[in-house]
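Residue numbering for the sequence shown follows the numbering used here, beginning at 868 and increasing consecutively.
Here a beta-carbon is modelled for each residue, glycine too, at the ideal position from N, C-alpha and C.
Structure record follows, encoded as structure tokens.
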Amino acid sequence: MDMTAHRHPAGHSEDHQNDPAALKDRVCGMKVTEQSAHRTVHGGQTFYFCSAKCQGKFVANPRQYLAPAPAPAQAPAAAGTVYTCPMHPEIRQDHPGNCPKCGMSLEPLLPELEEQENPELKDFQHRFWWTLPLTVVVTVLAMFGHGLGWFDMAVQSWIELALTVPIVLWAGWPFFVRGAQSVANGRPNMWTLIGLGTGAAFVYSTVATVTPQVFPESFVSMGRVAVYFEAAAVIISLTLLGQLLELKARSQTSAAIRSLLGLAPKTARRIKANGQEEDVPLAHVHVGDLLRVRPGEKVPTDGTVVEGASALDESMLTGEPLPVTKRVGDKLIGATLNTSGALVMRSEHVGSATVLSQIVQMVAMAQRSRAPMQRMADQVAGKFVMGVVAVALLTFFVWGLFGPEPRWVHGLINAVAVLIIACPCALGLATPMSIMVATGRGATNGVLFRDAAAIENLRKVDTLIVDKTGTLTEGRPQFERAIGHGRFSETEVLRLAASLDQGSEHPLAAAIVAAARQQELELDKPEQFDSESGIGVRGVVSSNTLALGNTALMQQLNVDASPMATEAEALRSEGASVMYLAVNNTLAGLLAVSDPIKSTTAEALASLRQAHIRVVMATGDGLTTARSVGQRLGIDEVHGEVKPEDKLRLVEKLQAEGRVVAMAGDGINDAPALARADVGIAMGTGTDVAMNSAQLTLVKGDLRGIATARALSVATVANMKQNLAFAFLYNALGIPLAAGLLYPFTGWLLSPMIAALAMSLSSASVIGNALRLRGAAIRDR
């Protein structure tokens, strides 16, 4: 990868006087010594480099590699790092902080390869776990203290105050800061409500504990003025818990990019001008370098073969299920796997110019361009907050100006009751509880949701793009059939081909050998074996000269394959890869290896059509093979030979037409489209990159899980709407009562104690309703 993106903080250039080994190239990070011929002086300090290229980059722009030390109040960050809000991607700044719109912590636009510990997550964990025991004690005292008779009730109020102070003023401090920021920015949100509600409950209870004499006698109960420390404590602890779960979920967003970055090999074997070879860090490979790629190794960078031939597994990048033969002059893609022969390549694209790096960029941009789900509670939070504050202020002044004595005390108590009953405890639980139950229910059915956005959006999907390899098909080569020619039977063709292929590491050979062993054929040991041609294999078996490969190999050996051309083309039209077998330079037959369709695919597609979902196939395979599979499965719209960027453009094109698009795939080449789609669906049998890019994973790789997940999405969204209705119903009924609207007619007032009880009941209703999802029928929708 382009190591110029990994900048190092400026340090004292003379550190090498104490430890010469600690001296590093400021551009790429490689250790260097004072003996390096590449050096420059800047600002009175000497800097050493591993190469003239790194020296040139530094000289051209020294400030780029000499970042100032970060402020002590913020987590260290690499120079040039851009931070953005996961909810509002348009927010960009060059330092950590909180989003001015929603208050969420900003996160790096592009993560580093090495995962960094989230300082906010660590901070919230400390605040939650250190104060959770205090919350439990305060709640137990509030609920059972009077019955237990451990303390005088006035003394108990002081104990609850002492226990609640660290919860509110330390554990809850970030929420009050965000609430204040929301007010200062003119964007009231859930933090505004949490700050007002918990702050009002705490301040009111503190006043009731310290100066109870200011309250009328009617508010004295069981020897004290009622206090609501437990309400403030429980709300803060629940909010902290919700933030912990959210931060852990958000950290998975960058896992896809880290998985992609980790695909590239860390080193390359470079061939020097004198013919000697050395292993060097990938960052030190330059355009034009000669590199050796041995069997079983990954290709270091994009380039061209200059010596040797081999079969490369490019399936994770191109979607092609069968290894691709590479010979002199053919292009190589970095991070693909060399399965058999040795190669010498010339590097042509390095760093950010490689195909892998471009895919990384596409995944990152697609993730940020998709606005995450705005919870239904947040959609009305701003207006709701302003309405609650307005009612509380109106209550305070109306009672203070026109109410019975003590007028202002009544005004304060009723205003506090309004804020407490409007505190968004149930509102905050409305969607997370439904999501929590739904994700658990989905997991038991082999469906893993990564975030709430997938649950909400999946029910809206009307178009599904599916990859072929590993999604509709098994994703691994399997022997299909052998056809004999002349005196050779099908069984003899398979036996001879498998005998020869015992010396090959090619996946196609493995499929043929496995089929022969399954049929319990007696295989002969090859006396000679040669696979250097790159177009097939040759050898000697039982004194017979055998050749197994494609048409090019047959032409090279002057073997006439035309008698079986019709059969070969028919097999290719069915999606099979065809190899000819020649015995002693005479055509003996052919063998077909294909990627079989999963047994569950047809049923899954039928259920999707019943749900009126348009299915589109997009695959890196050849168009003939793709159309063959599409015809067998009844898929009318088929796109073949598509690259990762083509899949991404297809998603964007359909979205521009007003479609709600889901993308189902299992390979690295699917990652950008999975991230850009409204809902990305990964096969659990596929790559980690695909699963990290997607919002939904089908554990068993069974497309039937999409119908199950969609039904669960419908049930969950309905449940969330019910929960929000419960939450707002209590507010709609409770706020007017708390404000004293019925007092002139009935003499009823809603004390803060009753307000807290109503708030608890609304939360219980939300939790109970969410738990109903555990028994909801989700397979018949």
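Bridge-paired residues (DSSP) for residue i
i	result
LEU1157	ILE1138 and ARG1213
ARG959	THR951
ALA1449	ALA1414 and LEU1454
THR1514	The sequence given here has Lys at residue 1514, not Thr. LYS1514 is not bridged to any residue.
HIS1506	ALA1485
TYR915	ARG906
ALA1178	THR1192
PHE1396	GLY1406
ILE1332	VAL1483 and MET1530
GLY1170	LEU1199 and SER1214
LEU1339	Answer is none; LEU1339 lacks a bridge partner.
LYS1165	LEU1204
LEU1563	PHE1316 and ILE1548
Given residue i as reference, the closest of the options once Cα atoms are compared
i	options	result
SER1655	PRO1033, LEU1128 and PHE1096	The structure shown does not extend to residue 1655, since the chain is modelled only from 868 to 1648, so the question has no answer here.
GLY1155	GLN1369, PRO1167 and ARG1476	PRO1167
ARG1354	THR1453, ALA1282 and VAL1496	THR1453
GLN1080	TYR1610, TYR1071, VAL1092 and PHE1069	VAL1092
PRO1539	ARG1526, LYS1567 and VAL1509	VAL1509
VAL1407	ALA1383, SER1429 and LEU1448	LEU1448
For residue i, three-class secondary structure by DSSP
i	result
TYR950	strand
PRO975	strand
ARG1641	helix
PRO1148	strand
ARG1054	coil
THR907	strand
LEU849	The displayed coordinates of the chain run from 868 to 1648. Any statement about residue 849 would go beyond what the structure contains.
SER1466	coil
VAL1314	strand
ASN1205	strand
VAL1527	coil
LYS989	helix
SER1444	strand
VAL1081	helix
VAL1285	helix
ALA1549	strand
GLY1218	helix
ARG994	helix
ASP1197	coil
GLN1241	Here GLN1241 scores only 43 on pLDDT, less than 50, and its place in the model is too uncertain to base an answer on.
ILE1402	coil
ALA1349	strand
GLY1568	coil
ASN965	strand
SER1461	strand
Contact check, residue i vs residue j, beta carbons under 8 Å
i	j	result
THR1338	GLY1532	yes
GLN922	HIS909	no
THR1262	ALA1282	yes
ARG857	LEU1515	In the structure as shown, the chain begins at 868 and stops at 1648. Residue 857 is therefore absent and cannot be evaluated.
GLY1350	ALA1365	The amino acid occupying residue 1350 in the given sequence is Ile; Gly does not appear at that position. Not in contact: ILE1350 and ALA1365 (Cβ atoms no closer than 8 Å).
PRO1344	LEU1367	no
ASN1636	PHE1593	yes
THR1106	PHE1042	yes
VAL1005	ALA1131	no
VAL1160	LEU1210	yes
LEU1420	VAL1450	no
ALA1529	ASP1545	yes
LEU1671	ARG1137	Outside the shown range of the chain (868 to 1648) lies residue 1671, about which nothing can therefore be said.
VAL1094	THR1076	yes
VAL1460	PHE1346	yes
ASN1590	MET1300	yes
Alpha-carbon to alpha-carbon, residue j and residue i
i	j	result
GLY1201	GLY1370	27 Å
ARG1639	PHE995	29 Å
GLU1441	THR1492	6 Å
PHE1251	PRO1190	59 Å
ALA1038	ILE1502	56 Å
ALA1549	ALA1381	29 Å
ASN928	THR1311	55 Å
ARG1499	ARG893	58 Å
MET1020	THR1306	44 Å
GLY1170	LEU1036	60 Å
beta-carbon residue i near the ligand GTP non-hydrogen atom, thresh 7 Å
i	result
LEU1114	The ligand GTP is absent from the structure shown, which contains no ligand whatsoever.
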